[in-house]
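**Q** Numbering (the working numbering), first residue to last: 333 to 630. Glycine included, each C-beta is placed from N, C-alpha and C at the ideal position. None of the values given here were measured: they were computed from a predicted structure. Sharing a structure, written as structure tokens. Questions coming.
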Amino acid sequence: MDMKQDLFTYRHPGSIQAFGLNTDTLLVATSSILVEWDRVRRRIVKEIRMDEEIVDIKCFSGYWVLITKSDIGFLDGNKTKRIGSKGSLDVSIVYKDWLLTVGNEKLVIISIRKGNAEIRKVRLISTNGMCTCGVAATDGLFLSFENGKVFSIKESEVMNIVLGKINEVVMDKFSCLIFLKEAIVSISTLGKELVISLFNKKVLVLDLDTKDVSYTELPHNIRGSTVWNDLIVVSDCKNNILFLDRRLRITYSNCLKEEICGVLADRRGLAIGFRVGVVKEYVGESRTRPGVIRGMVE
Numbered sequence: 333m334d335m336k337q338d339l340f341t342y343r344h345p346g347s348i349q350a351f352g353l354n355t356d357t358l359l360v361a362t363s364s365i366l367v368e369w370d371r372v373r374r375r376i377v378k379e380i381r382m383d384e385e386i387v388d389i390k391c392f393s394g395y396w397v398l399i400t401k402s403d404i405g406f407l408d409g410n411k412t413k414r415i416g417s418k419g420s421l422d423v424s425i426v427y428k429d430w431l432l433t434v435g436n437e438k439l440v441i442i443s444i445r446k447g448n449a450e451i452r453k454v455r456l457i458s459t460n461g462m463c464t465c466g467v468a469a470t471d472g473l474f475l476s477f478e479n480g481k482v483f484s485i486k487e488s489e490v491m492n493i494v495l496g497k498i499n500e501v502v503m504d505k506f507s508c509l510i511f512l513k514e515a516i517v518s519i520s521t522l523g524k525e526l527v528i529s530l531f532n533k534k535v536l537v538l539d540l541d542t543k544d545v546s547y548t549e550l551p552h553n554i555r556g557s558t559v560w561n562d563l564i565v566v567s568d569c570k571n572n573i574l575f576l577d578r579r580l581r582i583t584y585s586n587c588l589k590e591e592i593c594g595v596l597a598d599r600r601g602l603a604i605g606f607r608v609g610v611v612k613e614y615v616g617e618s619r620t621r622p623g624v625i626r627g628m629v630e
């Protein structure tokens, strides 16, 4: 396989604030503009001027959702529409056709149909501090909290929440999978396993069937992680990218020098964003991983 042929660099003027992936498109937010790319043809679809600081981008129900520190909005054609306010530390998770925003005392459920957003709020009772991460799975939802607890919410229970069948969520009533007592920066699913990355250098794999846990300690503090095919992809505070297999063995690592602002993956590929205005994407199988990193730093 020709690695350079499968690697593409998206370049933008200005610093990258956030970016998001959809099946065939990439949306990048810089300090002054939104740029949507066609990931298949690798060309710009549209550009929209922005004067807000975007901190996160999600996609669901065919709409790009733009998240700032205090607001949530979405793209409807070439226009941005405001949905509502949010807390600065709220965590946003896409679950099927809904966006869930988990705050300190409430859970906000957002749906978008035909250019109109609908919002519903549910009271959240939790003794675990702020929510730090969340990830949707085929059979439910996983949420981590400030005190290091990770909770599992079954699909039927999540559907009761999003469909408005309950108006109060008591977090401690759900199953606590693990209590780590450390700051969690990322959680992802890898088949029947849950991958948990801690700020303090550790990556854990929790078997959801047996509840067995394995872990490794990396050289530097972790910024974030994701799962790409059969690999765990970690970015650390020294701008290293590390690939780990299911047994938590480092299969490849490299320093990418420029400051990394995010690492995202989907079925199509792996994308790494850099503050300098660049997103590099590799489309292919993860078994070719050494070439990915060599190409990304050239």
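For the alpha helix (DSSP H) containing S488, list its first residue and its last residue.
**A** 487-494
**Q** Where does R626 sit, in a helix, a strand or coil, going by DSSP?
**A** Its pLDDT being 49, under 50, R626 is placed unreliably in this model, and the value from its coordinates should be taken loosely. Here R626 sits in helix by DSSP.
**Q** Can you name, in chain order, every residue of its own chain whose Cβ lies under 6 Å from the Cβ of C463, other than the five neighbours on each side?
**A** V423, V434, L475, F477
**Q** What does R586 pair with, by DSSP beta-bridge criteria?
**A** The residue asked about is misnamed: residue 586 is Asn in this sequence, not Arg. I573, per the DSSP bridge assignment.
**Q** Within 10 Å of its beta-carbon, does N572 have 16 or more other beta-carbons around it, so buried, or fewer, so exposed?
**A** So N572 counts as buried.
**Q** Taking buried to mean at least 16 other C-beta atoms within 10 Å of its own C-beta, is C587 buried or exposed?
**A** exposed
**Q** Which two residues bound the contiguous beta strand (DSSP E) that contains D356?
**A** Counting along the chain, D356 falls outside any beta strand (DSSP E), and DSSP gives it neither H nor E.
**Q** Quick one: Cα of K612 to Cα of A603, how far?
**A** 6 Å
**Q** Can the beta-carbon of R371 be found less than 8 Å from the beta-carbon of T357?
**A** At the C-beta level, R371 and T357 come within 8 Å of one another.
**Q** Provide the residue(s) that pair with R343 in DSSP beta bridges, ordered along the chain.
**A** V610
**Q** Which two residues bound the contiguous beta strand (DSSP E) that contains D568?
**A** 563-568
**Q** At 3 residues or longer, what runs of the beta strand (DSSP E) sit wholly inside the stretch 440-519?
**A** 448-457, 463-469, 472-477, 481-486, 500-502, 507-511
**Q** Whole angstroms are fine: how far does the CA of S488 sit from the CA of I522?
**A** The residue you asked about is not Ile; residue 522 is Leu in the sequence shown. Each residue's alpha carbon lies about 21 Å from the other.
**Q** Could you compute how far the alpha carbon of L563 sits from the alpha carbon of L576?
**A** Taking the straight line joining both Cα atoms gives about 6 Å.
**Q** I need the straight-line Cα distance from G447 to F406, nearest angstrom please.
**A** 9 Å
**Q** Using DSSP with H/G/I as helix, E/B as strand and the rest coil, what is D338?
**A** helix
**Q** Taking C-beta to C-beta, are L580 and V535 nearer than 8 Å?
**A** When the beta-carbon positions are compared, L580 and V535 come within less than 8 Å of each other.
**Q** Less than 8 Å separating the beta-carbons of L366 and F392?
**A** Going by C-beta atoms, L366 is not nearer than 8 Å to F392.
**Q** Pick from T558, N532, I528, S458: whose alpha carbon is nearest that of S546?
**A** The option with the nearest alpha carbon to S546 is I528.
**Q** Could you please give me the residues that DSSP links to R375 through a beta bridge?
**A** Partner(s): D370.
**Q** Starting from K388, trace the beta strand (DSSP E) both ways and give me its first and last residue.
**A** Sequence check: residue 388 is Asp here, not Lys. Taken as a continuous stretch (DSSP letters only), the beta strand (DSSP E) holding D388 covers 388-392.
**Q** Assuming I519 and C465 form a contact by the criterion Cβ under 8 Å, report the distance between their Cβ atoms to the nearest whole angstrom.
**A** 5 Å
**Q** CB R444 to CB I493, shorter than 8 Å?
**A** Going by the sequence as given, residue 444 is Ile instead of Arg. No, these two residues do not count as a Cβ contact at 8 Å.
**Q** Among F531, E549, E368, R599, which residue has its Cα nearest to the Cα of G389?
**A** In the sequence on display, residue 389 carries Ile and not Gly. It is E368.
**Q** Indicate the three-state DSSP secondary structure (helix, strand or coil) for D320 in the structure shown.
**A** Within the shown structure, residues of the chain are numbered from 333 to 630, placing residue 320 beyond reach of any answer.
**Q** Excluding the 5 residues preceding and the 5 following S417 in the sequence, name in chain order all residues of the same chain whose CB lies nearer than 7 Å to its CB.
**A** S402, D403
**Q** Around the C-beta of K481, are 16 or more other C-beta atoms found within 10 angstroms, so that it is buried, or is it exposed?
**A** buried
**Q** Are the CB atoms of L439 and V502 within a distance shorter than 8 Å?
**A** Not a contact, by the Cβ cut-off of 8 Å.
**Q** Give the straight-line distance between the Cα atoms of G594 and D541, rounded to the nearest whole angstrom.
**A** 30 Å
**Q** For R381, which of helix, strand or coil comes out of DSSP?
**A** strand
**Q** Distance, Cα to Cα, R607 vs T355?
**A** 23 Å
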